[in-house]
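Residue numbers (my numbering): 252 to 686.
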């Protein structure tokens, strides 16, 4: 095997099918773990809180969700920086080890106490933050620019499928726990089985990636030609935009839940259908990006603007809907808009200099965590004040961002495929290059 120094410019060899499959599976597993474990939080808390009223229990559920997000917010930039310095494969494996280790004590929540559960959920978020940004950084590092967009769409689809699979894992566990040998092992608890399955899947990903990941290589010489990459100001612009979109998406999702609680005509089943619709629409958008290669050919500003317009239209429909049909249409438009913007931002961030890919992706994940936290808090307050009109207020950040897309082009990265013929792999746009 050639050393990185011998490889020179061909450092960025393509990933094999098995390598790409294990990386995508890791994203799927941590997403499924989040979706599967979140509904179990009340089951952990009830025995520990005794006769606590439902309102107190609900507050703790919200706080535990927040502590998980805080773990991602703190961990993502740290893991991204370490990945660039120590090697992305190493950091990814450490993240999966920590993920599994943070789940196993939950098999005996009564021995932890409420404080212990808080600590473990924060730790889980912290170690998941080593997976979420590092996987796309690895894919970007070893994928030719001509097919990078399709692979990022594939990663996005696997994440969404994981979120959809998570609640299904709970339903499957309830059926499996009735089997004789499993019933003895988990003592009749489907909650224990879900935690064990989540930890086992994480351990399987760890072993598979350890066996298949490419050997760490030095980025110094191979990356000499693009040491500047995308200017840091552009990375910052992508982080801010990602945070804004996640702010709106978190508020939109919480708004659907609150709408269901306060709207007499909406049942919990219909609210669940709206969430399923949201995930399926976003999955469909990722499929379109994958099969058409749109991101590889289009001006990213136009793609982002299109997503913003769809999102604004959907939110305004939700704010002014007069029938259930328009409610579903509004959910579809909002999901399509955000589902178009998020993979576009990840694709643009992947064009950062290879030396700073971990920092770029870590910054995106941290911005997403901050946006989710602020969006949930703001929407909870707004819904109590203006009810359904909250959706109209949520459209304002998207409208402001859409206006910012009209400023001079040098603020936004150009499509890396369209400029790859330039001598250095930069993100100069046509307005910045000399004629």
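We put the CB at the ideal spot given by N, CA and C, even for glycine.
Taking residue 626 and residue 327 to be in contact with their CB atoms under 8 Å, please state how far apart those CB atoms are, rounded to whole angstroms. 17 Å between Cβ atoms; not a contact.
CB contact flag (residue 566, residue 595, <8 Å): no
Since residue 348 is in the alpha helix (DSSP H), which residue starts that stretch and which ends it? 339 to 354
Count the other CB atoms, across all protein chains shown, that sit within 10 Å of the CB of residue 648; report buried if there are 16 or more and exposed otherwise. buried
Can you grab the Cα-Cα spacing for the pair residue 458 / residue 347, in whole Å? 10 Å
Grab me the residues of residue 324's own chain with a C-beta within less than 6 Å of its C-beta, minus the 5 sequence neighbours each way, in chain order. 617, 620 and 621
Would you kindly check if the distance between the Cβ of residue 349 and the Cβ of residue 374 is under 8 Å? yes
At what residue ranges does the segment 579 to 662 contain a whole run of the alpha helix (DSSP H), taking only runs of 4 or more? 608 to 637 and 641 to 655
Mind the definition here: the segment 411 to 431 touches the segment 270 to 288 only if three or more C-beta pairs lie below 8 Å; say whether that holds. yes
If you follow the alpha helix (DSSP H) that residue 289 is in, where does it begin and where does it stop? Where residue 289 is concerned, there is no enclosing alpha helix (DSSP H), given that its DSSP letter is neither H nor E.
Using alpha carbons as the reference points, say which of 637, 574, 297 and 276 lies closest to residue 506. 637
Leaving out five residues before and five after residue 450 in sequence, what residues of the same chain have Cβ atoms less than 6 Å from its Cβ? 351, 354 and 355
Hey, which unbroken runs of the alpha helix (DSSP H) at 4 residues or more fall wholly within the segment 513 to 577? 519 to 543, 545 to 548 and 551 to 571
Using three-state DSSP, classify residue 408 as helix, strand or coil. helix
Just the C-alpha distance for residue 278 and residue 607, rounded to the nearest angstrom, thanks. 21 Å
Let me know the secondary structure DSSP gives residue 470 once reduced to three states. With a pLDDT of 46 at residue 470, under the threshold of 50, the modelled position of that residue is not reliable, and no figure is offered here.
For residue 312, which of 369, 276 and 343 has the nearest alpha-carbon? 369
Rounded to the nearest angstrom, what separates residue 546 and residue 494 at their Cα positions? 21 Å
Reference residue 396, options 575, 603, 588 and 586, closest by Cα: 603
Relative to the C-alpha of residue 234, which candidate in 428, 454 and 456 has its C-alpha closest? Lying before the first or after the last residue shown, residue 234 is absent from the chain, which here runs from 252 to 686.
Could you check whether the segment 535 to 544 touches the segment 396 to 410, counting it as contact only if at least three pairs of C-beta atoms, one from each stretch, sit closer than 8 Å? yes
How do the segment 268 to 277 and the segment 379 to 392 stand: do at least 3 beta-carbon pairs fall below 8 Å, yes or no? yes
Quick one: Cα of residue 551 to Cα of residue 298, how far? 51 Å
Residues near residue 441 in its chain [Cβ-Cβ closer than 6 Å; skip 5 each side]: 424, 425 and 428
Looking only at its chain, what residues have a beta carbon closer than 8 Å to the beta carbon of residue 453, apart from the 5 residues adjacent to it on each side? 280, 281, 284, 347, 350, 351 and 354
What is the DSSP secondary structure of residue 395, counted as helix, strand or coil? coil
Helix, strand or coil at residue 363 according to DSSP, with G and I counted as helix: coil
Residue 504: buried (16+ other C-beta within 10 angstroms of its C-beta) or exposed? buried
Does the beta-carbon distance from residue 456 to residue 273 come in below 8 Å? yes
Nearest CA to the CA of residue 357: which residue from 580, 291 and 587? 291
Pick out whichever of 401, 526, 365 and 605 has its Cα sitting closest to the Cα of residue 286. 526
In three-state DSSP terms, what is residue 381? coil
Any idea if residue 611 is buried or exposed, counting beta-carbon neighbours within 10 angstroms, 16 or more meaning buried? buried
Is the Cβ-Cβ distance between residue 613 and residue 332 less than 8 Å? yes
In terms of residues, what are the limits of the alpha helix (DSSP H) holding residue 459? 441 to 463
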